[in-house]
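J.:
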Amino acid sequence: MRLSFYGAARTVTGSCFLAEVSGMRVLVDCGLFQGPPEVRERNFKPFPFLPAAIDFLLLTHAHIDHSGLIPRLCREGFRGKILATEASVDLLGVLLPDAAHIQEMETEQKNRKGKRAGKPPLAPLYTVADAARSLQFLEGVGYETPVSLSPGVTATFLNAGHILGASMILLTVNEGSVPLRVLFSGDVGRKGQRFLKDPVTVDAADYVIMESTYGNRLHPEENELSVLREVIWRAYNRGGNVIIPAFAVERTQDLLYDLSELNHAGGLPPVKVYIDSPLASAVTSIFNRHRELYDQETQSLIRAGLDPLNSDFVHFSVTTEESRALNESPQSLVIISASGMCEAGRIRHHLKHNLWRPESAVVFVGFQPVGTLGRRILDGERSVTIFGEEIAVRAEIVELSGYSAHADQPALINWLSGITHKPRQVFVVHGEPDAAEFLRGRIESGLGIKAVVPDFASSWTLVADVRAEALWDAYRRLGDRIQETLRAADPAETAEIVHRLEAVFNGRK
Ligand SMILES: [Zn+2]
Ligand SMILES: [Zn+2]
């Protein structure tokens, strides 16, 4: 198998790996590059492969950094099948059109400025129509059911415990006497995560392509429930609101899980909770459709009539009028809204109406990259500009880092060490260079497995054990025969044989 790294190589985003095997071209993930401009630029560069020549795209999960270039791939000629779990297919149905909408809006904004500067208009990376058309290539698959890609090649999707529907993908190639097993970790989730079953441990893999988002970090010990309860009480006692910027997928639902638990235990003041994001509402109904994926704990909550996503005290505001009305409410509210980094969406309105109020609180539950509005608020700026208006930052600002959906460094090592048939090599991807390099070192020193951090566009040849094992066997047999011959020969002859053998080996140098 020839494996090439066309994304998430020495960076977190843009996951994209091309496996050429048995005359097929199989892409694993086709993600959007996000973050600094020099990384985002890659979204507009030609694909390093011919989209029309790709037979399958296997998708680990619905996050945009793994799926966000699908509409472009399809528009540029991809006609194969996109395989993903049923829940991922449902999530992509809302996430890809949403990503396209953001692309269209950003381009429109740029073009408005560009027009005034006398520049020609730019086309968006892809449109909502492109996204809608790309959805027809999606095909849902089940967990732990090998799917045949060709007579010798299967793909098996395994639960990754990261977000709803997330998977690791095991590619098995049966061409020689020994199979070649290549495992793509996707994003590895944390154990004990709300809703989700723990990531599976895999029995055997020859090569592992492994994420390293938290490759050099530890999740802090934190009691999210009590911090959340206290901040809500404080805001309630002051007569303010609690504003929580949150990603629409998993984070919003995880918050509802905790709020419902607090509410049930009588731990909350009489506040109303609002999900003010059409995307988060759509995603929440997809969660409701896939309860079969919930873990034991959540299943028993539902059986006991305590469904975290369907509590009476949670409301979904869908229309902009409903959203605007929240700002007029005399009652204390908890408002969960997107985007998680405060860069777009309704959250900006809520920040505008609450940041200046000392009685309100803003709770950050997700990573805020440098340069985002969220980061500026967390960094303690006294005032920020929202919709061209200067807003003072007087609200209580709280950061909760316990909601990560990624395994941290010890958990990643622990997951990898669970592979009983030790992999021959690990490719460390999906991490900032420091994180990837640190994890690589830990894998080599702690587990004794060869590990590399592949460069962007580098290609590697992966072989099944067959050839290596056959070579070692031949070598061993040759050694035995030489020993036998030496034992049988008389001492004078022995010297002559050794002399000749040396000549043979030297001659090969
Ligand atoms: Zn992810
Ligand atoms: Zn990711």
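Everything in the sequence shown is counted per our numbering, starting at 200 for the first residue and increasing by one.
Virtual Cβ for every residue (Gly too), placed ideally from N, Cα, C.
This structure is a prediction, so every number in the text was calculated from the model and none was measured.
Secondary structure at PRO477, three-state DSSP: helix, strand or coil?
T.: Here PRO477 sits in helix by DSSP.
J.: Roughly how far, in whole angstroms, is the beta-carbon of PHE204 from the beta-carbon of PHE216, given that I think they are within contact range, below 8 Å?
T.: 6 Å between Cβ atoms; contact.
J.: Who does GLY601 pair with in a DSSP beta bridge?
T.: According to DSSP, GLY601 bridges with nothing at all.
J.: CB of SER214 to nearest heavy atom of ligand 2: below 7 Å?
T.: Under cutoff, so the answer is yes.
J.: Among the residues of its own chain, which have a CB less than 7 Å from the CB of GLY544, if the five just before and after it don't count?
T.: Result list for GLY544: SER476, SER536, ALA537, SER538, in chain order.
J.: Per DSSP, what kind of secondary structure is LEU334 in: helix, strand or coil?
T.: It is helical.
J.: Under DSSP, the alpha helix (DSSP H) around HIS463 begins and ends at which residues?
T.: 450 to 463 is the extent of the alpha helix (DSSP H) around HIS463.
J.: Tell me the rounded alpha-carbon separation between GLU285 and MET409.
T.: If I take the Cα positions, the gap works out to 23 Å.
J.: State the DSSP-derived secondary structure class of ASN705, mapped to helix, strand or coil.
T.: ASN705 falls in the helix class under three-state DSSP.
J.: What are the start and end residues of the beta strand (DSSP E) that includes LYS649?
T.: 649 to 651 is the extent of the beta strand (DSSP E) around LYS649.
J.: Just checking, does the stretch 239 to 258 make contact with the stretch 272 to 288 on the three C-beta pairs under 8 Å criterion?
T.: The stretch 239 to 258 vs the stretch 272 to 288: in contact.
J.: Would ALA298 pass as a contact of ALA322 if the rule is Cβ separation under 8 Å?
T.: No. Outside cutoff.
J.: Could you compute how far the alpha carbon of VAL625 sits from the alpha carbon of PHE383?
T.: Roughly 10 Å between the two C-alpha positions.
J.: So VAL211 and GLY579 are supposed to be a Cβ contact under 8 Å. How far apart are they, rounded?
T.: Contact flag wrong, Cβ pair sits at about 26 Å.
J.: Go ahead and label VAL288 buried or exposed: buried means 16 or more other beta carbons lie within 10 angstroms of its beta carbon, across all protein chains shown.
T.: Buried.
J.: Taking the beta strand (DSSP E) that HIS265 belongs to, which residues open and close that run?
T.: No beta strand (DSSP E) contains HIS265, which is instead part of the alpha helix (DSSP H) from 263 to 266.
J.: Between VAL564 and ALA445, which are expected to be in contact by the criterion C-beta below 8 Å, what is the C-beta distance as a whole number of angstroms?
T.: Correct: roughly 6 Å between the Cβ atoms.
J.: From this set, ARG686, VAL561, ALA404, which residue's C-alpha is nearest LEU427's C-alpha?
T.: Selected option, being the one with the closest Cα: VAL561.
J.: Alpha carbons only, please: which of THR371, TYR342, LEU677, ALA354 is nearest the one belonging to ALA365?
T.: The candidate whose alpha carbon is nearest that of ALA365 is TYR342.
J.: Which same chain residues, not among the five before or five after THR571, have their C-beta less than 8 Å away from its C-beta?
T.: So the qualifying residues of the chain are MET540, CYS541, GLU542.
J.: Determine the closest residue to VAL569 out of LEU505, ARG201, GLY213, PRO236, with distance taken between C-alpha atoms.
T.: If we check each option's Cα against that of VAL569, PRO236 comes out closest.
J.: When you compare only the Cα positions, how much space is there between GLN335 and GLU527?
T.: Roughly 42 Å between the two C-alpha positions.
J.: To the nearest whole angstrom, what separates the beta carbons of ARG324 and PHE243, a pair I think is in contact under 8 Å?
T.: In the sequence as presented, Arg is not what sits at residue 324; that position holds Leu. Confirmed, Cβ separation roughly 7 Å.
J.: Within 10 angstroms of the Cβ of SER516, are there 16 or more other Cβ atoms? Answer buried if so, exposed if not.
T.: So SER516 counts as buried.
J.: Measure the alpha-carbon distance for SER522 versus PRO529 and round it to whole angstroms.
T.: Approximately 14 Å between the Cα atoms of the pair.
J.: For ligand 1, which residues count as neighbours when the test is a C-beta closer than 5 Å to any heavy atom?
T.: So the residues near ligand 1 by this Cβ test are HIS262, ASP386.
J.: What does the alpha-carbon distance come out to for the pair SER559 and ILE443?
T.: SER559 and ILE443: Cα-Cα distance of roughly 11 Å.
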